[in-house]
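Trainee: Pasting a structure below so you can have a look.
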Amino acid sequence: MFVATLIAAPGKLDGTLAESLRNAWGGSELDWLAVDEAAEFALAVVPDNRWGVWDDLQKQGVDLVVQPAEGRRKAMLLADMDSTMIRQECIDELAAEAGVGDRVADITARAMNGELDFEAAIDERVGLLKGLDEAVIARVLETRIDLMPGGQVLLATMKANGAYAALVSGGFTAFTAAVSGQLGFDENRANTLLVEDGKLIGQVRRPILGRQAKVEALEEITARLGIGESDVLAVGDGANDLGMLGRAGTGVALHAKPSVQAECEVRVNHGDLTALLYLQGYARADFVGSE
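For what it's worth, this note's numbering labels the leading residue of the sequence shown as 72, then goes sequentially.
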């Protein structure tokens with residue numbers, strides 16, 4: 072059996088639309104996970120016109136995911152940080168403080184879209200931060216970084232149901248430590264900016280944590296916990312996330328670059344991070360905590 076889940080921004084999922092799709096696909100009774108926001112129904116097979124319907128629904132501000140019903144509630148969350156658990160790209164915000172914001176943001180966008188080698192792109196961007204006062208990091212965290220909506224509820228709900236949560240980023244430990252602590256991740260991994268005499272030296276500690284390191288985190292943590300990769304829900308937005316998204320039981324491209332979405336079966340463009348709970352069959356009444 073399969074489950075089709077429809078998700079939109081709160082108040083934006085039309086009941087008539089949801090019922091029409093259920094009828095067209097011959098699904099079971101519609102189950103509202105959150106009124107006018109998320110609904111699902113069971114299916115015997117994956118419809119042949121799935122992606123055509125997906126395209127049509129995207130124009131109406133609705134996400135559609137069809138996945139196997141069995142095993143969709145996961146025991147582990149593996150999440151990217153920049154533009155996933157937070158709204159920003161940390162290196163772009165540091166670059167803005169250093170006066171090279173536009174140049175670095177362009178490199179970041181191309182790297183996340185898979186147009187540039189990730190490690191080379193990180194070296195180039197960090198090199199442009201050379202001489203920046205280390206104290207700027209705390210200022211950026213305080214004034215420029217915002218959590219992605221739904222993240223606190225996602226973490227609280229999954230952890231209340233026994234899940235483990237790991238934050239893995241191609242960004243920097245100074246940021247992942249703060250975000251991890253604020254959201255309640257069990258561990259975090261990222262790159263370390265090297266500092267001398269209170270200033271960034273324009274380098275990161277080796278080895279650089281990139282695409283393969285995220286896959287290795289998936290392998291190492293699941294082995295340690297004694298669970299399978301199929302028990303993992305991974306979420307990210309960039310090309311360096313594709314390895315872990317492809318290996319996890321459910322890999323979610325969240326507000327992702329077009330090239331990333333093209334390689335992922337599960338795409339969320341209109342919901343916030345609570346969409347990852349709906350995908351697992353949680354109803355809003357099951358959510359823990361608030362934002």
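Glycine is no exception: its CB is placed at the ideal position from the N, C-alpha and C atoms.
(1) Determine the extent of the beta strand (DSSP E) in which M366 is found, giving its start and end residues.
(2) Checking the sheet assignment: what are the DSSP bridge partners for V74?
(3) Looking only at its own chain, which residues have a Cβ that is under 8 angstroms from the Cβ of Q159, when we skip the five neighbours before and after it?
(4) Tell me the residue span of the beta strand (DSSP E) that contains I272.
(5) So, helix, strand or coil for E267, using DSSP?
(6) Classify Y349 as helix, strand or coil using the three-state DSSP reduction.
(7) Taking a contact to mean a Cβ-Cβ separation below 8 angstroms, would you say V175 touches L264 in this structure?
(8) How close, in whole Å, do the beta carbons of D134 and A79 come, if the pair is a contact with beta carbons under 8 angstroms?
(9) Rounded to whole angstroms, what is the Cα-Cα separation between D302 and P329?
(10) Rounded to a whole number of angstroms, what is the C-alpha to C-alpha distance between G170 and I178?
(11) Compute the distance between the beta-carbons of Q138 and V337, then report whether it is under 8 angstroms.
(12) So G121 is in the beta strand (DSSP E); what residue range does that whole segment cover?
(13) For R260, which of helix, strand or coil comes out of DSSP?
(14) Where do the ends of the alpha helix (DSSP H) carrying F246 lie?
(15) Using the beta-carbon count (16 or more within 10 Å), is N262 buried or exposed?
(16) Closest to L165 by C-alpha separation, out of R181, V211 and A140, would be which residue?
(17) Hey, D102 and A95: beta-carbon distance below 8 angstroms or not?
(18) The alpha helix (DSSP H) with A209 in it runs from where to where?
(19) Exposed or buried, T87, counting other C-beta atoms within 10 Å across all chains shown (16 or more means buried)?
(20) Count the other CB atoms within 10 Å of the CB of K130; is the residue buried (16 or more) or exposed (fewer)?
(21) Just tell me which of E190, G317 and Y235 has its CA closest to the CA of R276.
(22) According to DSSP, is I298 helix, strand or coil?
(23) Of the residues M183, G252 and A346, which one's Cα is nearest the Cα of N311?
(24) Taking buried to mean at least 16 other C-beta atoms within 10 Å of its own C-beta, is R93 buried or exposed?
(25) DSSP puts Q102 in a beta bridge; with which residues?
(26) May I have a chain-ordered list of the beta strand (DSSP E) segments no shorter than 3 residues that lie completely inside the segment 145-196?
Mentor: Well, looking at it:
(1) As displayed, the chain neither begins before 72 nor continues past 362, which places residue 366 out of reach and without an answer.
(2) A113 and Q138
(3) D153, R215, I216 and D217
(4) K270 to V275
(5) strand
(6) helix
(7) no
(8) 7 angstroms
(9) 26 angstroms
(10) 15 angstroms
(11) yes
(12) According to the sequence provided, residue 121 is Arg. The question's Gly does not apply to it. That residue, R121, is in no beta strand (DSSP E); its alpha helix (DSSP H) goes R121 to Q129.
(13) strand
(14) T244 to L254
(15) buried
(16) V211
(17) no
(18) A206 to T214
(19) exposed
(20) exposed
(21) E190
(22) coil
(23) M183
(24) buried
(25) The amino acid occupying residue 102 in the given sequence is Asp; Gln does not appear at that position. Bridge partners of D102: E111.
(26) 147-150
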